[in-house]
Amino acid sequence: MPNQYDFLVIGSGIAGLSYATKLAIHFEERQQPVRIAVITKVWADETNTKYAQGGIAAVWSEDDSFEKHIEDTMIAGDYLSDRKIVEIVVREAPERIRELISYGTRFDKEEDGDYDLAREGGHSDHRILHFKDITGAEIERALLEKAHSMPSITILTHFYAVDLITRHHLGETVHRYDADNKCFGAYVLNTETGSVERFLAKTTLLATGGIGNIYQNTTNPTIATGDGIAMAYRAKAICKDMEFIQFHPTALYEPGKKPNFLISEAVRGFGGILRNMKGETFMEHYDPRLSLAPRDIVARAIDSEMKKYGDPHVYLDVTHCNYDEFIEHFPNITAYCRDHLGIDVRKDFIPVVPAQHYMCGGIKVNEYGQTNLNFLYAAGECSCTGLHGANRLASNSLLEAVVFGHRAYLKTIEEYEQAVLPDNIPDWDDRGTTHPEELVLVTEMQRELESIMSNYVGIVRSNRRMKRAMDRLGLIYLEHEELYRQSNVSARICELRNMIEVAYLVIKAAMSRRDNRGLHYNIDLVKHEA
């Protein structure tokens, strides 16, 4: 028998949990029975949300204004951001954050009881609410506790979504711009039993996070393999802005380690200064905002310095900062540097390198998180709302996720009665034979994929490099397709399948762009002048 729910949420980060919690509250207040499933492929708290250090942005003080936050977001996005969406997110931010606080989320406060508002790169004012340097983990903790307290929410761990169920699975032909395409849930792999089960639902939300592991260096957890984007694309959803990959300028330099430990944007906001390996400052040669310039500018500046001198990294200097205040704000960063690399931030520079950090594009959605498939929503990093444009402003990601979790909830309630599940959805076709060399082949192909994307479609690109990347990716695709057809379904094989498809979307979008905007920098193109 299939698992049948009213709502299926794929992903247990801030977007998925805030959406599920609001649905549960809505129906429980009306004493109306409802079944909500939240599935996650590993543990419930292993999400991109958990690894977000810096904080969540919102206009919170009287000195700040919505207009300033809106303009900061537009500038960071190189004016490709959708102003309507930017205004929605910025103006709804305070209310959404108050809800997080009501769920039990803690944010740091000053001695007088006011919230301690930080400032990060690209922001014109102090507006970042944070909890030490583990803000995402704190939000995740509070939301999980709230979700677990709601009887109508079932959180299922170690369930990996393989494919969305659409009209295609009913034997119908559907096209990418078919206005009558529908989503009926997903085929889901129980990774503990190895069986693929039908999870049927009237409404499905994708909240699957990012794509970091298509690159060699990433701050994303190992689960970030672009699953939601790839599933949606196969289901004929539209994807947008896939060329805009944000590289965090300051990941800790630890050769061979993945994911890279993140040295938060807030460290530069606190006063950290970038230096090359000679100990010289260099940001004055690239931008008047120095180390507080937007991430794309800082990442390219670091990339340029490393290539200029053939250095493997640069440094972040906080030795001049007040140590007691620094360790209070960044206890996790201080301890990690000390315990793993023997770095004393009072006297030692921190070695840093750019690493893939955030996907600004994704599954195209409207202002309510709706995709072009009926009853399929997307929120969080896997979606493309139009907020980020060509580059994400620091600490706008957690904000976008909670705002669109709320807006998707509003539209879901509105159209709930229209959703009908057909009774002829087939079981998963599990034909295939397991090959003992499967994991070896998957590992080899993944390493090659990471190398292609990092070397050819990274911070700085060229027409020749992108063409080479597409040609080499085509060979990996053919090799993997043969393996996929012959093998039983496994999470590793499906993850690689998704990574290949997402890499294709990134390269295709990058090759199609004819000007340099934000995070996309092709040395064969002329820089766009806003």
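Residue 1060 in my numbering sits at position 265 of the sequence shown; the count goes up by one each step and never skips. For glycine and all other residues, C-beta sits at the position ideal for the given N, C-alpha and C.
Nearest-angstrom Cα distance between residue i and residue j?
{"i": "V1215", "j": "L1001", "result": "19 Å"}
{"i": "E1245", "j": "P828", "result": "46 Å"}
{"i": "K1053", "j": "E1209", "result": "43 Å"}
{"i": "R1029", "j": "D1098", "result": "35 Å"}
{"i": "R1145", "j": "H1124", "result": "According to the sequence provided, residue 1145 is Ile. The question's Arg does not apply to it. Rounded to the nearest angstrom, the two C-alpha atoms are 16 Å apart."}
{"i": "L1087", "j": "S1192", "result": "18 Å"}
{"i": "E866", "j": "V1093", "result": "20 Å"}
{"i": "I834", "j": "V983", "result": "9 Å"}
{"i": "E894", "j": "R901", "result": "12 Å"}
{"i": "N985", "j": "K845", "result": "23 Å"}
{"i": "N1219", "j": "L965", "result": "7 Å"}
{"i": "D858", "j": "G1004", "result": "33 Å"}
{"i": "E935", "j": "E1060", "result": "20 Å"}
{"i": "I1254", "j": "T1129", "result": "28 Å"}
{"i": "P1221", "j": "V1109", "result": "55 Å"}
{"i": "V884", "j": "Y1204", "result": "15 Å"}
{"i": "D928", "j": "G1067", "result": "15 Å"}
{"i": "A996", "j": "H921", "result": "42 Å"}
{"i": "R1263", "j": "D1224", "result": "35 Å"}
{"i": "E992", "j": "N798", "result": "8 Å"}
{"i": "H1315", "j": "E1038", "result": "6 Å"}
{"i": "H1183", "j": "G931", "result": "19 Å"}
{"i": "V1160", "j": "F1121", "result": "39 Å"}
{"i": "K1102", "j": "G1074", "result": "16 Å"}
{"i": "L812", "j": "P946", "result": "14 Å"}
{"i": "A981", "j": "S1282", "result": "20 Å"}
{"i": "V1148", "j": "V1113", "result": "16 Å"}
{"i": "A1025", "j": "N1293", "result": "5 Å"}
{"i": "N1167", "j": "I1033", "result": "7 Å"}
{"i": "P1126", "j": "L803", "result": "37 Å"}
Grab the span of the alpha helix (DSSP H) containing residue i for me, first residue to last.
{"i": "T998", "result": "T998 -> not in any alpha helix (DSSP H); beta strand (DSSP E) instead, spanning S990 to L1001."}
{"i": "D1119", "result": "Y1118 to H1124"}
{"i": "I1097", "result": "R1090 to Y1104"}
{"i": "M869", "result": "F861 to A871"}
{"i": "V1198", "result": "S1192 to E1210"}
{"i": "L818", "result": "I809 to E824"}
{"i": "H943", "result": "T930 to H943"}
{"i": "L895", "result": "R878 to S897"}
{"i": "Y1028", "result": "D1022 to R1029"}
{"i": "A1061", "result": "E1060 to F1065"}
What is the C-beta distance between residue i and residue j, in whole angstroms, given that I count them as a contact (C-beta under 8 Å)?
{"i": "K1206", "j": "G1164", "result": "7 Å"}
{"i": "Y1153", "j": "Q1041", "result": "4 Å"}
{"i": "A1173", "j": "R1090", "result": "Their Cβ separation, rounded to whole angstroms, is 23 Å, which puts A1173 and R1090 out of contact at 8 Å."}
{"i": "I1158", "j": "C1179", "result": "6 Å"}
{"i": "C978", "j": "L959", "result": "5 Å"}
{"i": "K836", "j": "Y1010", "result": "Rounded, the Cβ-Cβ distance is 20 Å, inconsistent with contact."}
{"i": "E1330", "j": "N843", "result": "In this structure the chain extends from 796 to 1325, so residue 1330 is not present and cannot be described."}
{"i": "Y1104", "j": "N1071", "result": "7 Å"}
{"i": "A810", "j": "G1313", "result": "Not quite, the Cβ-Cβ distance comes to about 23 Å (not below 8 Å), so this is no contact."}
{"i": "R1309", "j": "L1300", "result": "Wrong, their Cβ atoms sit about 18 Å apart, outside the cutoff."}
{"i": "L1111", "j": "T1045", "result": "6 Å"}
Return the bridge partner residues of residue i from the DSSP annotation.
{"i": "C978", "result": "T961"}
{"i": "Y1172", "result": "L1000 and Q1165"}
{"i": "N1317", "result": "R1256"}
{"i": "C1034", "result": "I1158"}
{"i": "A913", "result": "I923"}
{"i": "I851", "result": "L924"}
{"i": "H1043", "result": "A1150"}
{"i": "D1112", "result": "I1068"}
{"i": "S1178", "result": "I1158"}
Given that a residue counts as buried once 16 or more other Cβ atoms are within 10 Å of its Cβ, and exposed if not, what is residue i?
{"i": "L1270", "result": "exposed"}
{"i": "L938", "result": "buried"}
{"i": "A913", "result": "buried"}
{"i": "D1022", "result": "buried"}
{"i": "T961", "result": "buried"}
{"i": "V854", "result": "buried"}
{"i": "R1095", "result": "buried"}
{"i": "A974", "result": "exposed"}
{"i": "E1324", "result": "At E1324, the pLDDT of 45 sits below 50, so the modelled position is not reliable; the number obtained from the coordinates is stated separately. Exposed, since its Cβ has fewer than 16 Cβ neighbours within 10 Å."}
{"i": "R1256", "result": "buried"}
The beta strand (DSSP E) that contains residue i, what's its start and end?
{"i": "N1311", "result": "Taken as a continuous stretch (DSSP letters only), N1311 belongs to no beta strand (DSSP E), as it is neither H nor E."}
{"i": "R761", "result": "Lying outside 796 to 1325, the shown extent of the chain, residue 761 is not represented and no answer is given."}
{"i": "D801", "result": "N798 to I805"}
{"i": "I950", "result": "I948 to T952"}
{"i": "T1014", "result": "No beta strand (DSSP E) holds T1014; DSSP gives it neither H nor E."}
{"i": "A832", "result": "I831 to T835"}
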